[in-house]
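**Student:** Residue -6 is where the sequence shown starts when you use our numbering, and the numbers rise one by one after that.
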Amino acid sequence: MTRAALGHEDFARRRRLLLNHMHPGSIAVIPGAAQQRRSNDICFPFRQDSDFYYLTGFAEPDALLILIPGRTQGESILFCRERDPHLERRDGAILGPDQCQSVLGVDDAFPISDVDEILPGLLEARSQIYMNLGEHAVWDERVLAWLDELVSRRPAVVATVQQVTALGHLLHEQRLIKERKEQVLMARAAQISVAAQYAALAQLRPDVSEADLEAELLYSFRKQGARFEAYPSIVAAGDNACVLHYTRNESLIAAGDLVLIDAGCEFAYYAADVTRTYPASGRYSQAQRALYDLVLKANRGAIAACRPGVAFNQPHDVATQILVDGLIALGLLRGAAQALIASCAHEKFCPHKTSHWLGLDVHDVGDYRLGEQWRDLMPGMVLTVEPGIYIPRDSTTADVPEAFRGIGIRVEDSVLITPQGCQVLTEDLLKDPDEIERWMATKGSVGQSAQGLKEVVA
Ligand code: GLY
């Protein structure tokens, strides 16, 4: 059994791997996140930058990691806040440079207040800088200012800085393949999110508010050790579910509504992402069931296509074919499937792609294409599979029979690619419509956990 918690040796190994891939004579500048102001002098809860966290495990604001391959005095240098009794009394402990060096295992650590003095010297004679331009505007400006300073000091030295390269080319490829411990953490994030959906589902009935279900999700996340959502939870009844990123979550749920719940927690910095669509009354109407069956078939077909060596877009192509064939059979699309897909006519009802990467970020990093080609899936990649059909009750669907309008359905799982095929991290959450109806009919008399659910539906 792999011990899930990441230790400082894991972060050091990641730095080593990145250093090994960096060009000799280069330097990487990797800023941490800053505190974000919410109102007046109150900040949002701090969340470290994912790249910085991946390489350090250090969750304090105002820090900067520098990596310099081959530097004899030390290849990893951290700038961080100094200890400050007043600040620590208000906001909690600060590690400080000395502790950072010993605890995090970086080669050197300095106060962040010294960065303007030290950094220009580290940049000297480096031919290439790796950084993610555009993500941290303040740091972009400072790097340019340091380079300016070098120009004014020693023009000959600056002439050697020839290239600024996106750090993501190296680092995001590394992040794309999840190590075993990351897989375990992501499985836990999925498990927590599944249990939270059961907690919300147990409260679903006509005349409760979307807010009531959102509250169940948040309570459940927090109780299970996940402090944050990986993204704002979506609890969308009826027509609201046709807004893809609906987050108002404050409407009353009506008896005939379908309720789409798209909610994943962040556990130990790793995201889950899972969506189900339930009937408020406990039973799908005939039209709802016809659409639901179609989306579920697309979800299952796409998951069956998730295995090493398959192009990233293949699950999407499989799902799209199933959805379009089904919408034609229901009379909601007219024409030949291939022509409809080629002209994007199906996007009227199926407007989004089927998958995105998942990891430290819910829309995780990593290229989807290599050159012109979709890249192949590989063991250790984690992606979502989330086909959907959306038929808003608006002027664009005036020609659609009323029974199909005001319906948004998405069935989404988090999927880990394994050497043999794939593992569905969210598989414990029901998606078979008969099983959902049975569970909703008996939820008052059984446990709310996945275990309870399995006993009922067995
Ligand atoms: N499920 C939320 C998102 O993909 O944005």
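Idealized CB from N, CA, C, for every residue including glycine. Here the structure is a predicted model, which means the values were calculated and not measured.
Counting along the chain, where does the alpha helix (DSSP H) carrying Ser213 start and finish?
**Tutor:** Taken as a continuous stretch (DSSP letters only), the alpha helix (DSSP H) holding Ser213 covers 203 to 216.
**Student:** Is the number of C-beta pairs between the stretch 171 to 190 and the stretch 216 to 229 that are closer than 8 Å three or more?
**Tutor:** Touching, yes, given that three or more Cβ pairs across the two stretches are closer than 8 Å.
**Student:** How do the stretch 315 to 324 and the stretch 415 to 432 stand: do at least 3 beta-carbon pairs fall below 8 Å, yes or no?
**Tutor:** The answer is no - the stretch 415 to 432 does not touch the stretch 315 to 324, with fewer than three Cβ pairs under 8 Å.
**Student:** Is it right to say Pro78 is buried, meaning 16 or more other beta carbons lie within 10 angstroms of its own, or is it exposed?
**Tutor:** That one is exposed.
**Student:** Identify, in the order they occur along the chain, each residue of the same chain with its Cβ nearer than 6 Å to the Cβ of Asp55, setting aside the five sequence neighbours on each side.
**Tutor:** Closer than 6 Å at the Cβ level, and outside the excluded window around Asp55, lie Arg74, Ile105.
**Student:** Contact between the stretch 364 to 382 and the stretch 390 to 405 is defined here as three or more beta-carbon pairs at a separation below 8 Å; is this criterion met?
**Tutor:** The stretch 364 to 382, when compared against the stretch 390 to 405, does touch it at the 8 Å Cβ threshold.
**Student:** Indicate whether the contact test is met: 3 or more Cβ pairs, each with one atom in the stretch 339 to 357 and one in the stretch 264 to 272, closer than 8 Å.
**Tutor:** Result yes; three or more Cβ-Cβ pairs closer than 8 Å.
**Student:** By the three-class DSSP mapping on this structure, what secondary structure does Arg31 have?
**Tutor:** The answer is strand: DSSP assigns Arg31 an E or B state.
**Student:** When the Cα atoms are used, what is the spatial distance from Trp350 to Tyr123?
**Tutor:** If you take the alpha carbons of Trp350 and Tyr123, they lie about 23 Å apart.
**Student:** Would you give the residue range spanned by the beta strand (DSSP E) that Phe39 belongs to?
**Tutor:** Where Phe39 is concerned, there is no enclosing beta strand (DSSP E), given that its DSSP letter is neither H nor E.
**Student:** Going by the DSSP bridge assignment, what does Ile122 pair with across the sheet?
**Tutor:** In the DSSP output, where bridge partners are listed per residue, Ile122 has Ile20, Val157.
**Student:** Please return the same chain residues whose Cβ sits closer than 8 Å to the Cβ of Phe45, not counting the five positions on each side in sequence.
**Tutor:** Only Ile23, Pro24, Gly25, Ala26, Phe51, Ala56, Leu58 meet the Cβ criterion.
**Student:** If you reduce the DSSP assignment to three classes, tell me which class Pro90 lands in.
**Tutor:** Helix at Pro90.
**Student:** If distances are taken between C-alpha atoms only, which option among Thr347, Ala283, Leu115, Met374 comes closest to Arg300?
**Tutor:** Per the Cα distances, Met374.
**Student:** DSSP three-state label for Ala56, please.
**Tutor:** Three-state DSSP puts Ala56 in coil, outside helix and strand.
**Student:** Just to check, is the beta-carbon of Thr268 closer than 7 Å to a non-hydrogen atom of the ligand GLY?
**Tutor:** It does: the Cβ of Thr268 is within 7 Å (strictly closer) of some heavy atom of the ligand GLY.
**Student:** I believe Leu284 touches Ile382 by the beta-carbon criterion, under 8 Å. Please report the beta-carbon distance rounded to the nearest angstrom.
**Tutor:** Leu284 to Ile382, Cβ: 5 Å. Contact.
**Student:** Are any of the Cβ atoms in chain B nearer than 8 Å to that of His165?
**Tutor:** In the displayed structure, chain B is absent; only one protein chain is listed.
**Student:** Quick one: grab the DSSP three-state call for Gly359.
**Tutor:** If DSSP states are grouped into helix, strand and coil, Gly359 belongs with coil.
**Student:** Run the proximity test for Asp255: is its beta-carbon closer than 7 Å to any non-hydrogen atom belonging to the ligand GLY?
**Tutor:** Yes.
**Student:** Please list, in chain order, all residues of the same chain as Asp454 whose beta carbon is under 6 Å from its beta carbon, the five residues on each side excluded.
**Tutor:** Past the edges of the chain, shown from -6 to 451, lies residue 454, and the structure says nothing about it.
**Student:** Cβ of Tyr239 within 7 Å of any heavy atom in the ligand GLY?
**Tutor:** Not so, every heavy atom of the ligand GLY lies at least 7 Å from the Cβ.
**Student:** Report yes or no: do three or more beta-carbon pairs, one from the stretch 277 to 291 and one from the stretch 222 to 239, lie closer than 8 Å?
**Tutor:** The stretch 277 to 291 is not in contact with the stretch 222 to 239.
**Student:** For the alpha helix (DSSP H) that contains Pro272, what are its first and last residues?
**Tutor:** From DSSP, Pro272 is part of no alpha helix (DSSP H) but of the beta strand (DSSP E) over 268 to 272.
**Student:** Since Pro385 and Thr347 should fall inside the 8 Å C-beta cutoff, what is the C-beta to C-beta distance between them, to a whole number of angstroms?
**Tutor:** Not confirmed; about 20 Å, so no contact.
**Student:** Please confirm whether Ala140 and Glu117 have their CB atoms less than 8 Å apart.
**Tutor:** Just to set this straight, residue 140 is Leu in the shown sequence, not Ala. Against a cut-off of 8 Å, the Cβ pair of Glu117 and Leu140 comes out as no contact.
**Student:** Can you give me the Cβ contacts of Gly440 inside the same chain, cut-off strictly under 6 Å, excluding the 5 residues immediately before and after it?
**Tutor:** Here Gly440 scores only 46 on pLDDT, less than 50, and its place in the model should not be relied on; the value that follows carries that caveat. Answer for Gly440: no residue qualifies.
**Student:** Cα separation between Ala335 and Arg362?
**Tutor:** If I take the Cα positions, the gap works out to 20 Å.
**Student:** Does the distance from the C-beta atom of Ser213 to that of Ile246 stay below 8 Å?
**Tutor:** No, the Cβ-Cβ distance between Ser213 and Ile246 is not below 8 Å.
**Student:** By the 10 Å Cβ neighbour count, where 16 or more other Cβ atoms means buried, how is Gly294 classified, buried or exposed?
**Tutor:** Buried: at least 16 other Cβ atoms inside 10 Å.
**Student:** Is Tyr263 near the ligand GLY - that is, is its Cβ less than 7 Å away from at least one heavy atom of it?
**Tutor:** Not under cutoff, so the answer is no.
**Student:** Just reading off the alpha helix (DSSP H) that Thr435 is part of, what are its end residues?
**Tutor:** Element bounds for Thr435: 426 to 435.
**Student:** Counting along the chain, where does the beta strand (DSSP E) carrying Pro104 start and finish?
**Tutor:** Unbroken beta strand (DSSP E) run through Pro104: 101 to 104.
**Student:** The beta strand (DSSP E) spanning Gln196 covers which residue range?
**Tutor:** Careful: Gln196 lies outside any beta strand (DSSP E) and carries neither H nor E.
**Student:** Going by the CB atoms, is the gap between Arg7 and Gln167 shorter than 8 Å?
**Tutor:** Yes, these two residues count as a Cβ contact at 8 Å.
**Student:** Ends of the beta strand (DSSP E) at Ser407?
**Tutor:** Start and end: 406 to 410.
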